[in-house]
Structures are given as structure tokens and as C-alpha cells.
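**Student:** Dropping the structure in here first, questions after.
Numbering (this note's numbering), first residue to last: 27 to 253.
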């Protein structure tokens, strides 16, 4: 919520900063206008935008109100050193990601071709694992930005369109060509999501390798027993 409010204020000031010199140039071109007039017009335009935006924001259902956080998860986020605003932003982000992951799971089971890609690339399973990994380490949310804001929405959009086109009653050669290209793109994005996950958990794997190495050293005798 706080992030959205700050965004509205920033855009409002940007509108004012851009519109005032624009109005000044335009009005000076057509005649001698009072400086206070075009300044007022710029402020008015920004105020109208912010008024409408804040009104819409107020009308939107708030995630924090409708989805009460459990004591366990609240402690998890607080132990990670997150502020209240950071927790709200993280939960809103992951709420949307959860919707996307669930939609992807449904889409990947809709058609045999998508099922085959899901089977080969483990798209659904990896996406769910990535979601859980982010929740486990919320302070590393920025490292998952490609997955959350690019790859996951893109593959959902592609699978949705693939399903829609596949259900066309009449298909031409161009239709099949588009479907083939879409399937290739979905497969490529599935591989990219696997890479997103591998990159995100790389530190955990390194830590596990270190722990295994230490454990082996502790169980290896320093010297052979003398006969």
C-alpha cells in the first residue's frame, strides 16, 4: 500500500514538472499569459491525477485486510529483518505470484502438447519450488525479479494464447505455424524458469556441499590403526 501511494505521488509531481514548462511554452507562443496561470494549470492537472488515483486505490480490496498473516509467518518475516511496509509489499507480490503459479499449473495440463512440455521441463513443479524458495528467503526477493515480473507472466500469457488458438475450430497452415512457435517459446521459458530457480538456490547448494565436505572430514579417521 505504501509503495503504491509513493508511486502516485511521484507520478503526480512528474506530471506537474512536465506540464508546467509545456504550458508555458504553448501559451507564450499564442500570446502573453500570466505565469501564475500556467503554473496553476500544471498543479491542477497533477492534483486531478492524484485525486483519481488515490480514490481508485481506496476502492481496491486490501490484501492485508482480507488475508490475515499467521503468527508463524509474521515471526518469519520479522526474523528476516523486514519492516511492516516491506512485509506488506512482499505479501502483495507473492499473492500475485501465487495466482500466476496456480494459473500456470492449470494451463500446463490443458492440452497434450503443454502436458508434454511440463513433463519434460517440470515447469509446474519448478515454479512451485521457486515460489516456496522466495517465501523461505524474503529478503532476497529482488533476486527473483526476472521470474516474478518477466518469465512467469510471459509463460502464462503464452500458454493462455496457445490454448485459445488450439481451440479454434478451423486451423490453417499459419495457425499450426504459430502454435509450433508458441510451443517452442513456452519450452524455452520453462528452461529459463529452471535456470531462475537454480540461480536463486545456488547459495543453498554451496552451503550444502560445504556441510557435506565437513561431515566427511569429521567421519574420516586421521590415521590408520596400528597392528
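Ideal Cβ positions, reconstructed from N, Cα and C, are used throughout, including at glycine. Predicted model only: the values in this text are computed from it and were never measured.
Where does the unbroken alpha helix (DSSP H) through residue 224 begin, and where does it stop?
**Tutor:** Taking the first residue of the chain shown as position 1, residue 224 is located at position 198. Note, residue 224: alpha helix (DSSP H), 199-226.
**Student:** Distance, Cα to Cα, residue 195 vs residue 180?
**Tutor:** Position 169 of the chain shown, counted from the first residue, corresponds to residue 195. Position 154 of the chain shown, counted from the first residue, corresponds to residue 180. Looking at the two C-alpha atoms, the distance is approximately 25 Å.
**Student:** When the distance is taken between beta carbons, is residue 184 closer than 8 Å to residue 143?
**Tutor:** Reading the chain shown from its first residue, position 117 is the one you call residue 143. Reading the chain shown from its first residue, position 158 is the one you call residue 184. No; because the gap between Cβ atoms is not below 8 Å, this pair is not in contact.
**Student:** Cβ atoms of residue 199 and residue 139: under 8 Å apart, would you say?
**Tutor:** Counting from one through the chain shown, the residue named residue 139 turns up at place 113. Counting from one through the chain shown, the residue named residue 199 turns up at place 173. The answer is no: Cβ separation not under 8 Å.
**Student:** Just to confirm the assignment, what range does the alpha helix (DSSP H) spanning residue 124 have?
**Tutor:** Within the chain shown, residue 124 is the residue found at index 98, counting from 1. Counting along the chain, the alpha helix (DSSP H) containing residue 124 begins and ends at 110-133.
**Student:** With distances taken from CA atoms, which of 113, 156 and 221 is nearest residue 165?
**Tutor:** Locating residue 165 in the chain shown gives position 139, where the first residue counts as 1. Of 113, 156 and 221, the residue nearest in Cα terms is 113.
**Student:** With burial defined as no fewer than 16 other Cβ atoms inside 10 Å of the residue's Cβ, what is the status of residue 97: buried or exposed?
**Tutor:** The sequence position of residue 97 within the chain shown is 71, counting from 1. Flag for residue 97 reads exposed.
**Student:** Find out if the Cβ-Cβ distance for the pair residue 201, residue 189 is shorter than 8 Å.
**Tutor:** In the chain shown, counting from the first residue as 1, residue 201 sits at position 175. In the chain shown, counting from the first residue as 1, residue 189 sits at position 163. For residue 201 and residue 189, no; Cβs fall outside 8 Å.
**Student:** Compare the Cα-Cα distances from residue 153 to each of 118, 137, 168 and 132 and report the closest residue.
**Tutor:** Numbered from its first residue, the chain shown carries residue 153 at position 127. That would be 132, whose Cα lies nearest to the Cα of residue 153.
**Student:** Roughly how far, in whole angstroms, is the beta-carbon of residue 157 from the beta-carbon of residue 118, given that I think they are within contact range, below 8 Å?
**Tutor:** For the purposes of this step, residue 157 is identified with residue 131 of the chain shown, where counting begins at 1. For the purposes of this step, residue 118 is identified with residue 92 of the chain shown, where counting begins at 1. In fact, because the Cβ distance is near 14 Å, the residues do not count as touching under 8 Å.
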